[in-house]
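Engineer:
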């Protein structure tokens with residue numbers, strides 16, 4: 001398994017269409033990053049849920065998933081499932097995020113996601129962040145759109161169980177959903193772990209990568 005190791009992470013940008021997208025898709029990765037890089041600045045944008053109980057859940061959840069980070073979260077009020085009809089508002093929110101951060105790494109939806117809100121946001125990200133390393137995360141759902149990702153963040157059982165526990169604790173509004181299930185979260189993490197010679201992992205889609213192989 002080939003590995004690319006960053007020299008250092010100082011700023012992280014997170015983008016999501018809905019509250020809980022980031023925690024479900026990349027909660028383990030966030031725990032790994034923020035534990036390894038105390039004080040890292042995390043600028044996060046969630047396009048829907050603003051002013052509702054979903055925003056309250058998201059603020060508490062991301063604080064737990066980003067321990068010790070300098071977390072700055074914006075939760076907008078675009079209606080769930082209506083991003084295409086609010087394209088200008090979504091684009092403005094992404095561009096506002098760009099104005100306040102110069103991230104070393106971005107976590108965002110990937111362009112092949114079957115949900116129109118996720119896919120729309122994935123299309124907007126490179127219009128504002130044109131020269132940044134972006135990992136497109138995956139979200140298990142009824143659409144059956146899981147594919148063949150090409151980047152992985154491995155982690156151990158402690159992180160995997162911590163992720164599931166935090167999801168359950170911080171998103172009570174989602175516990176009735178058929179996909180909001182510890183077995184589903186651990187099952188996908190186990191499969192992605194197999195693919196990268198680890199016990200558990202989260203997987204991402206990498207669209208473009210510029211290399212510096214000088215070793216400097």
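In the UniProt record's numbering, the protein residues as written are 1 to 216.
The C-beta atom is built at its ideal place from N, Cα and C for all residues, glycine as well.
#1: Report the residue ranges of all alpha helix (DSSP H) runs contained in full by the segment 67-146; include only those spanning at least 4 residues, in chain order.
#2: Which whole-angstrom value describes the C-beta separation of residue 27 and residue 167, a residue pair presumed to lie in contact below a C-beta threshold of 8 angstroms?
#3: Taking the straight line between their C-alpha atoms, what separation do you get for residue 165 and residue 157?
#4: Please report the distance separating the alpha-carbon of residue 109 from that of residue 201.
#5: Take residue 122 and list the residues in its own chain whose beta-carbon comes closer than 7 angstroms to its own, dropping the five residues that flank it on each side.
#6: Output the residue ranges of the alpha helix (DSSP H) runs that lie fully inside the segment 26-69 and measure 4 residues or longer, sorted by chain position.
#7: Thinking residue 20 and residue 171 are a contact (beta carbons under 8 angstroms), I'd like their distance in whole angstroms, please.
#8: When you compare only the Cα positions, how much space is there between residue 18 and residue 48?
#9: Between the Cα of residue 38 and the Cα atoms of 71, 148, 152, which residue gives the shortest distance?
Structural biologist: So, to answer that:
#1: Listed in chain order, the complete alpha helix (DSSP H) runs (minimum 4 residues) inside the segment 67-146 are 87-100, 116-128.
#2: Within the chain shown, residue 27 is the residue found at index 27, counting from 1. Within the chain shown, residue 167 is the residue found at index 167, counting from 1. For residue 27 against residue 167, the beta-carbon gap comes to about 7 angstroms, under 8 angstroms, which counts as contact.
#3: Residue numbering aside, residue 165 sits at position 165 when the chain shown is read from its first letter. Residue numbering aside, residue 157 sits at position 157 when the chain shown is read from its first letter. Near 12 angstroms, if we compare the C-alpha coordinates of residue 157 and residue 165.
#4: Here residue 109 refers to the residue found at position 109 when the chain shown is read from its first residue. Here residue 201 refers to the residue found at position 201 when the chain shown is read from its first residue. So the alpha carbons of these two residues sit roughly 17 angstroms apart.
#5: Within the chain shown, numbered from 1, the residue matching residue 122 stands at position 122. Counting only Cβ-Cβ distances below 7 angstroms, and skipping sequence neighbours, we find 108, 109, 110, 111, 113, 136.
#6: 53-65
#7: In the chain shown, the residue the question calls residue 20 occupies position 20. In the chain shown, the residue the question calls residue 171 occupies position 171. Right, their Cβ atoms sit about 5 angstroms apart.
#8: Looking up residue 18 in the chain shown gives position 18. Looking up residue 48 in the chain shown gives position 48. For residue 18 and residue 48, the distance between alpha carbons rounds to 5 angstroms.
#9: In the chain shown, the residue the question calls residue 38 occupies position 38. Minimum Cα distance to residue 38 is reached at 71.
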